[in-house]
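Heads up: the structure comes next, in structure tokens.
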Amino acid sequence: MLIFILRRVLSGLVLLFVISSVAFLLLYLGGGDIARRILGQQATQEDVAAKAAELGLNRPLLTQYLDWLTHALTGDLGASWFTGEQVSAGIASRFAVTLSLVLGATVITALVAVVLGVWAAVRRGWVDRLVQVISVLGFAIPGFLIAVGLVLLFAIKLGLFDPTGYVNFTESPAGWLRTVTLPVIALSIGGIAGVAGQVRGAVVDALRQDYVRTLRSRGLPFNRVVFRHVLRNAGGPALAVLAVQFVGLFGGAVIVEQVFAIPGLGQVAITSTSQGDIPLVMGLVVATAIMVVVVNLIIDLAQGWLNPKVRLS
Amino acid sequence: MLHRKSLAAVAAATALVLAAAGCGGGGKTTTGGSSGGTSGGGTLTLGLIVPATTFSAQDMNFANESPYGQAVYDTLLKADPQGKLGPSLAKEWTYDAAKTTLKMTLRDDVTFTDGQKFNADAAAKNLIRFRDGHSPNKSFLGALKDAKAVDDTHLELTLKESDPGLLIHLSQNAGMMESPGAFNSPDIKTKPVGSGPYVLETAGTVVGTTYTFSKNPKYWDPSSVHYDKLVLKVLQDPTAMLNAIKGKQLNGAKLSTNDTLDQVKGAGYALHAFELDWTGLLLLDRGGKLNPALKDVRVRQAINYAFDAQGLLKAVGKGHGTPTAQIFPTSSAAYDQALDGHYGYDATKAKQLLSDAGFPNGFELAMPRAAAVGTTLWTLIAQQLKDVGITVKYTDAGNNFISDVLAPKYPATWLQLQQDPDWPLINFELTPDAVFNPFHTNDPKVTELVKKVHDAKTDDEAAPALKELNTYVVEQAWFAPWYRIESNYATDAKTDVQPQVGNAYPYLWNFVPKG
Numbered sequence: 001m002l003i004f005i006l007r008r009v010l011s012g013l014v015l016l017f018v019i020s021s022v023a024f025l026l027l028y029l030g031g032g033d034i035a036r037r038i039l040g041q042q043a044t045q046e047d048v049a050a051k052a053a054e055l056g057l058n059r060p061l062l063t064q065y066l067d068w069l070t071h072a073l074t075g076d077l078g079a080s081w082f083t084g085e086q087v088s089a090g091i092a093s094r095f096a097v098t099l100s101l102v103l104g105a106t107v108i109t110a111l112v113a114v115v116l117g118v119w120a121a122v123r124r125g126w127v128d129r130l131v132q133v134i135s136v137l138g139f140a141i142p143g144f145l146i147a148v149g150l151v152l153l154f155a156i157k158l159g160l161f162d163p164t165g166y167v168n169f170t171e172s173p174a175g176w177l178r179t180v181t182l183p184v185i186a187l188s189i190g191g192i193a194g195v196a197g198q199v200r201g202a203v204v205d206a207l208r209q210d211y212v213r214t215l216r217s218r219g220l221p222f223n224r225v226v227f228r229h230v231l232r233n234a235g236g237p238a239l240a241v242l243a244v245q246f247v248g249l250f251g252g253a254v255i256v257e258q259v260f261a262i263p264g265l266g267q268v269a270i271t272s273t274s275q276g277d278i279p280l281v282m283g284l285v286v287a288t289a290i291m292v293v294v295v296n297l298i299i300d301l302a303q304g305w306l307n308p309k310v311r312l313s
Numbered sequence: 314m315l316h317r318k319s320l321a322a323v324a325a326a327t328a329l330v331l332a333a334a335g336c337g338g339g340g341k342t343t344t345g346g347s348s349g350g351t352s353g354g355g356t357l358t359l360g361l362i363v364p365a366t367t368f369s370a371q372d373m374n375f376a377n378e379s380p381y382g383q384a385v386y387d388t389l390l391k392a393d394p395q396g397k398l399g400p401s402l403a404k405e406w407t408y409d410a411a412k413t414t415l416k417m418t419l420r421d422d423v424t425f426t427d428g429q430k431f432n433a434d435a436a437a438k439n440l441i442r443f444r445d446g447h448s449p450n451k452s453f454l455g456a457l458k459d460a461k462a463v464d465d466t467h468l469e470l471t472l473k474e475s476d477p478g479l480l481i482h483l484s485q486n487a488g489m490m491e492s493p494g495a496f497n498s499p500d501i502k503t504k505p506v507g508s509g510p511y512v513l514e515t516a517g518t519v520v521g522t523t524y525t526f527s528k529n530p531k532y533w534d535p536s537s538v539h540y541d542k543l544v545l546k547v548l549q550d551p552t553a554m555l556n557a558i559k560g561k562q563l564n565g566a567k568l569s570t571n572d573t574l575d576q577v578k579g580a581g582y583a584l585h586a587f588e589l590d591w592t593g594l595l596l597l598d599r600g601g602k603l604n605p606a607l608k609d610v611r612v613r614q615a616i617n618y619a620f621d622a623q624g625l626l627k628a629v630g631k632g633h634g635t636p637t638a639q640i641f642p643t644s645s646a647a648y649d650q651a652l653d654g655h656y657g658y659d660a661t662k663a664k665q666l667l668s669d670a671g672f673p674n675g676f677e678l679a680m681p682r683a684a685a686v687g688t689t690l691w692t693l694i695a696q697q698l699k700d701v702g703i704t705v706k707y708t709d710a711g712n713n714f715i716s717d718v719l720a721p722k723y724p725a726t727w728l729q730l731q732q733d734p735d736w737p738l739i740n741f742e743l744t745p746d747a748v749f750n751p752f753h754t755n756d757p758k759v760t761e762l763v764k765k766v767h768d769a770k771t772d773d774e775a776a777p778a779l780k781e782l783n784t785y786v787v788e789q790a791w792f793a794p795w796y797r798i799e800s801n802y803a804t805d806a807k808t809d810v811q812p813q814v815g816n817a818y819p820y821l822w823n824f825v826p827k828g
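Read top to bottom, the protein sequences are chains A and B.
In terms of the working numbering, the first sequence opens at residue 1 and continues consecutively.
In terms of the working numbering, the second sequence opens at residue 314 and continues consecutively.
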């Protein structure tokens with residue numbers, strides 16, 4: 001197990017290096033005149049040149065990257081070129097916000113998808129068709145539209161939630177719920193559509209297995225067979241999809257945070273990338289890559305716990 | 314069936330969570346838990362379209378970022394909504410006859426939030442730091458030779474040459490005063506130390522998104538502070554801004570688009586319209602370096618006649634603006650209403666002028682294009698010029714648009730430029746070294762008129778020269794303006810404000826609770 005974890009960590013480090021190198025290169029190639037963007041159209045060409053020199057943008061690409069890398073290895077991700085905020089502090093404060101959305105969406109996705117998937121697989125007939133239609137609709141409707149629709153109905157029309165902004169849980173749990181509920185629902189819908197379909201398929205397959213017939217013939221209640229045996233066997237594929245959804249939700253948060261003006265990673269990702277704020281974008285790339293590696297490792301371990309065959313392989 | 318009950322239990326639990334969220338809903342709490350209330354002493358929550366680039370006074374931006382600086386810093390002078398200057402940290406000021414020495418008498422009752430007293434030495438240091446800093450407006454103090462404290466309350470500024478715009482700039486970011494004790498603070502970009510009406514609360518602030526301020530309890534001018542708390546929310550996405558307005562989360566909001574005006578009005582907000590920018594073409598290569606055709610004034614005039622400003626205002630500006638042919642704002646002494654219609658849309662006349670200039674078959678004009686602006690604008694420009702025989706050859710400049718224009722890599726370009734007060738505008742677009750005169754066009758007549766404006770002892774004395782300068786520039790077709798763009802600021806039913814002449818955002822102290 002330890003060797004397995006070490007191997008995964010090592011491959012994660014290699015991945016981190018490759019991703020950061022590629023990201024830096026892409027930012028450099030597509031960055032344009034960052035100093036001009038920082039200073040605006042009123043600045044003189046001389047001031048712009050001075051700003052570029054101050055930021056070290058006039059140095060060769062390799063020198064700039066090595067400079068960033070050596071600082072990053074010591075934990076110093078630098079400061080945002082546009083706001084002056086320390087990148088590590090900025091990401092840390094926003095990561096908690098996005099994580100609360102993504103975790104909330106993951107929990108709701110898992111709960112609702114399992115309920116819908118199992119229901120469809122067990123009942124079949126119209127229930128099955130209904131769940132499949134819901135899945136297709138969930139996939140087809142863009143998250144952005146869902147977010148806007150939710151805001152219009154529940155925040156503006158009914159006034160039940162805040163249309164924009166975010167309140168920390170520690171500051172006000174009720175305020176936190178008011179600000180995260182709609183974004184979490186908006187984020188969950190696509191995930192539910194994907195995972196419910198996967199759960200349904202896996203449960204249908206599992207229900208056809210011989211061991212189910214055996215358990216039923218021994219007189220075990222159907223519910224016990226489904227929730228204790230079938231779901232555990234069907235859980236593997238569903239968990240894999242949920243893991244992909246979890247990472248994907250960070251991507252979905254980009255749009256949702258923009259619509260709800262939530263100060264999370266997604267919002268800062270859009271702003272910093274369009275501005276060419278290289279230190280901040282690189283910090284986000286590193287944070288995201290680490291998160292993906294960690295999540296995949298956790299999922300691998302969970303898969304092993306669910307299915308001993310995976311553990312052996 | 315047991316499994317049905319299990320499913321129902323899960324569904325009920327989910328509903329409970331959502332209901333709990335709904336139970337707490339209905340409040341208009343904004344980020345950080347601040348109240349959106351507007352009565353005197355309450356909270357003022359404003360929507361901005363840009364975050365603060367920095368809080369370091371030395372490097373401060375202005376325009377759309379002005380509320381950040383005005384919250385925490387005082388300026389030496391203060392302008393009223395019409396732009397008339399009045400005292401602030403400086404109680405009195407006088408120029409010498411040559412207008413190269415400015416003497417200011419400063420207040421003696423001002424203390425920075427770190428406890429340090431404000432005095433002439435602090436003021437002098439701040440001015441020199443701004444001149445030598447990295448603000449995009451550092452040229453505002455370009456004429457400053459030196460700033461010295463005569464004593465604690467007397468400041469003397471010596472200039473390399475007189476600068477008619479200096480006093481205005483001292484009421485903006487160039488005149489913002491930061492505590493000298495914070496000059497070398499490593500956190501100065503995010504933790505300002507000033508003497509202004511508010512203090513930034515770092516605990517309630519998420520840099521780039523929400524900035525929370527509390528009232529400075531020791532502020533020297535409490536009558537100008539109308540709220541106990543100030544929240545500046547950055548809403549760069551127009552949809553988010555609109556949702557915040559519809560949800561009554563903002564007392565005031567800068568609108569980045571006129572597409573949503575009806576919805577904003579429908580939400581019960583009052584609109585304050587003002588014209589700040591002009592849009593159109595900049596015919597930069599007046600010497601014909603990259604495109605010889607542009608050297609001929611008739612060609613530049615033909616380009617002016619080629620554009621249907623009224624049609625462009627309707628198609629591009631959705632009717633929000635005023636057609637014009639001049640770059641000076643209506644608030645300027647240079648402004649002449651008659652010049653707004655100096656060039657009407659006349660394709661026949663344009664073709665005739667091109668023919669007279671030796672281009673009966675037109676010519677090719679290289680211009681930059683940026684995808685961020687969409688496609689309609691570029692198509693319309695190309696179509697209108699094509700109609701008179703000019704073929705536009707676009708190059709996608711992407712993120713380098715401004716840099717390439719100023720390099721200069723193109724003889725002409727489309728742009729939207731701010732209508733600054735007279736002297737800053739002249740130095741931004743007309744003088745040989747102006748930022749937006751990248752080919753350094755040096756017309757003796759323009760230079761002569763600019764000198765007259767510069768040497769004028771009073772505004773009244775400068776007015777005729779300004780008018781003549783404006784007329785000359787229009788006649789010489791240095792630009793091909795289409796229209797002045799209407800911008801809008803929205804306030805809720807409990808808040809009132811007056812837009813600031815020449816600035817993108819109303820000044821902070823002009824926000825007042827209604828009634």
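Beta carbons are placed, not taken as given, at the ideal position from N, Cα and C, and that holds for glycine.
Should the stretch 721-736 of chain B be regarded as contacting the stretch 589-596 of chain B, the criterion being three or more beta carbon pairs within less than 8 Å?
-> Three or more Cβ pairs drawn from the stretch 721-736 of chain B and the stretch 589-596 of chain B lie within less than 8 Å of each other, which places the two stretches in contact.
Note down, in chain order, all residues in the stretch 425-436 of chain B with a beta-carbon under 7 Å from any beta-carbon belonging to chain A.
-> Those residues of the stretch 425-436 of chain B placed with their C-beta closer than 7 Å to a C-beta in chain A do not exist.
In this structure, does DSSP put B:E761 in helix, strand or coil?
-> Here residue 761 of chain B is taken as the residue at index 448 of the second sequence, counted from 1. Helix at B:E761.
Among B:D700, B:P721, B:L690 and B:P681, nearest to B:G711 - alpha-carbon criterion | As a first step, residue 711 of chain B must be located in the second sequence, where it is residue number 398. Residue B:P681 is the option with its Cα nearest to B:G711.
C-beta atoms of A:L182 and A:L150 nearer than 7 Å | Along the first sequence, one-based indexing puts residue 182 of chain A at 182. Along the first sequence, one-based indexing puts residue 150 of chain A at 150. In contact: A:L182 and A:L150 (Cβ atoms closer than 7 Å).
Three-state secondary structure (DSSP) at B:F587?
-> In the second sequence, residue 587 of chain B corresponds to position 274, counting from 1. Of the three classes helix, strand and coil, the one that applies to B:F587 here is strand, per DSSP.
Should A:F161 go down as buried or exposed, given a rule of 16 or more other Cβ atoms within 10 Å for buried?
-> Reading the first sequence from its first residue, position 161 is the one you call residue 161 of chain A. When all chains shown are included, A:F161 counts as buried.
Looking at the unbroken alpha helix (DSSP H) that takes in B:A683, where does it start and where does it end?
-> The count along the second sequence starts at 1 and reaches residue 683 of chain B at position 370. Here B:A683 belongs to no alpha helix (DSSP H), and DSSP marks it neither H nor E.
Among all the DSSP beta bridges, which residues are the ones paired with B:F425?
-> Residue mapping note: residue 425 of chain B aligns to position 112 of the second sequence, counting from 1. Paired residue(s): none; B:F425 is not in a bridge.
Within 10 angstroms of the Cβ of A:T179, are there 16 or more other Cβ atoms? Answer buried if so, exposed if not.
-> Position 179 of the first sequence holds residue 179 of chain A. Residue environment analysis places A:T179 among the buried positions, since at least 16 neighbouring C-beta atoms fall within 10 angstroms of its C-beta.
Counting along the chain, where does the alpha helix (DSSP H) carrying B:H482 start and finish?
-> Counted from its first residue, the second sequence places residue 482 of chain B at position 169. Here the alpha helix (DSSP H) through B:H482 covers L479 to H482.
Taking only runs of the alpha helix (DSSP H) that begin and end inside the stretch 684-756 of chain B, which ones reach a length of at least 4 residues, in chain order?
-> You should have 689-700, 714-719 and 735-742.
Please name the residues in the stretch 719-734 of chain B whose beta-carbon is closer than 7 Å to at least one beta-carbon of chain A, in chain order.
-> Listed in sequence order: L719.
Measure from the C-beta of B:K438 to each C-beta in chain A and report whether the shortest distance is under 7 Å.
-> Taking the second sequence and counting its residues from 1, the one referred to as residue 438 of chain B is at position 125. Contacts with chain A at 7 Å (Cβ-Cβ) do not include B:K438.
Check the Cβ of B:D550 against every Cβ in chain A and list those closer than 9 Å, keeping chain order.
-> Here the question's residue 550 of chain B lines up with position 237 in the second sequence. Those are Q258, V259, A261, Q267 and I270, listed as they occur along chain A.
Minimum Cβ-Cβ distance from B:K461 to chain A less than 7 Å = Taking the first residue of the second sequence as position 1, residue 461 of chain B is located at position 148. Cβ-Cβ to chain A under 7 Å: no for B:K461.
How about B:I481 and B:A460: do their beta carbons lie closer than 7 Å?
-> If you number the second sequence from 1, residue 481 of chain B lands on position 168. If you number the second sequence from 1, residue 460 of chain B lands on position 147. The Cβ-Cβ distance between B:I481 and B:A460 does not fall below 7 Å.
In the DSSP assignment, what are the bridge partners of B:N801?
-> Here residue 801 of chain B corresponds to residue number 488 of the second sequence, with the count starting at 1. In DSSP, B:N801 forms a bridge with B:L568 and B:A586.
A:G125 - containing alpha helix (DSSP H), residue span | Numbered from 1 along the first sequence, position 125 holds the residue referred to as residue 125 of chain A. Where A:G125 is concerned, the enclosing alpha helix (DSSP H) stretches over G125 to A140.
Where A:E171 sits in the DSSP three-state scheme | Position 171 of the first sequence, counting from 1, holds the residue named residue 171 of chain A. In the structure shown, A:E171 sits in coil (DSSP, three-state: anything other than H, G, I, E or B).
Straight-line CA distance for B:L667 to A:L187?
-> As a first step, residue 667 of chain B must be located in the second sequence, where it is residue number 354. As a first step, residue 187 of chain A must be located in the first sequence, where it is residue number 187. Cα to Cα, the separation comes out at about 58 Å.
Using a C-beta cutoff of 7 Å, does A:L297 count as contacting chain B?
-> Counting from 1 along the first sequence, the entry for residue 297 of chain A is found at position 297. No - not a single Cβ of chain B is within 7 Å of the one on A:L297.
Give a yes or no on whether the C-beta atoms belonging to A:G78 and A:V87 are separated by under 7 Å.
-> What you label residue 78 of chain A is simply residue 78 of the first sequence in a count that begins at 1. What you label residue 87 of chain A is simply residue 87 of the first sequence in a count that begins at 1. For the 7 Å CB-CB criterion, A:G78 and A:V87 form a contact.
Look up A:S188 in the DSSP assignment and say whether it is helix, strand or coil.
-> In the first sequence, residue 188 of chain A corresponds to position 188, counting from 1. For A:S188, the secondary structure class from DSSP, reduced to helix, strand or coil, is helix.
List the residues of chain D whose Cβ lies closer than 7 Å to the Cβ of A:G84, in chain order.
-> You won't find chain D in this structure, because its protein chains are A and B.
What is the DSSP secondary structure of A:T179, counted as helix, strand or coil?
-> Against the first sequence, residue 179 of chain A aligns to sequence position 179. Reduced to three states, the DSSP call for A:T179 is helix.
Measure the CB-CB distance between B:L457 and B:L415 and report whether it falls below 7 Å.
-> Sequence index remark: in the second sequence, residue 457 of chain B carries index 144 (1-based). Sequence index remark: in the second sequence, residue 415 of chain B carries index 102 (1-based). No.
Using a Cβ-Cβ cut-off of 7 Å, state whether A:R129 counts as contacting chain B.
-> For this step, residue 129 of chain A is matched to residue 129 along the first sequence. Residue-level contact by beta carbon fails for A:R129 and chain B, as no gap is shorter than 7 Å.
Under 7 Å by beta carbon: chain B residues contacting A:P142 = Translated into positions along the first sequence, residue 142 of chain A becomes position 142. Correct list: empty, because the minimum Cβ distance to chain B is about 13 Å.
Expressed to the nearest angstrom, what Euclidean distance is found between the alpha-carbon atoms of A:M291 and A:V114?
-> Counting from one through the first sequence, the residue named residue 291 of chain A turns up at place 291. Counting from one through the first sequence, the residue named residue 114 of chain A turns up at place 114. In a straight line, the C-alpha of A:M291 is about 25 Å away from that of A:V114.
Is B:F749 near the ligand NAD, judged by its Cβ being under 6 Å from some heavy atom?
-> Absence of the ligand NAD from the depicted structure is noted, as is the absence of any ligand whatsoever, leaving it without description.
Taking only runs of the beta strand (DSSP E) that begin and end inside the stretch 632-683 of chain B, which ones reach a length of at least 3 residues, in chain order?
-> Qualifying beta strand (DSSP E) stretches, in chain order: 634-636 and 676-682.
Rounded to a whole number of angstroms, what is the C-alpha to C-alpha distance between B:T689 and B:V629?
-> Along the second sequence, one-based indexing puts residue 689 of chain B at 376. Along the second sequence, one-based indexing puts residue 629 of chain B at 316. Between B:T689 and B:V629, the alpha-carbon positions lie close to 8 Å from each other.
Please report how far the alpha carbon of B:T426 lies from the alpha carbon of B:S508, in whole angstroms.
-> Numbered from 1 along the second sequence, position 113 holds the residue referred to as residue 426 of chain B. Numbered from 1 along the second sequence, position 195 holds the residue referred to as residue 508 of chain B. Going by the C-alpha atoms only, they are around 6 Å apart.
In three-state DSSP terms, what is B:V629?
-> Translated into positions along the second sequence, residue 629 of chain B becomes position 316. Coil at B:V629, not helix or strand.
Nonlocal neighbours in the same chain, by C-beta distance under 7 Å from A:G12, ignoring five residues either side = The residue given as residue 12 of chain A occupies position 12 in the first sequence. In its chain, beyond the 5 residues on either side, V293 have a beta carbon closer than 7 Å to the beta carbon of A:G12.
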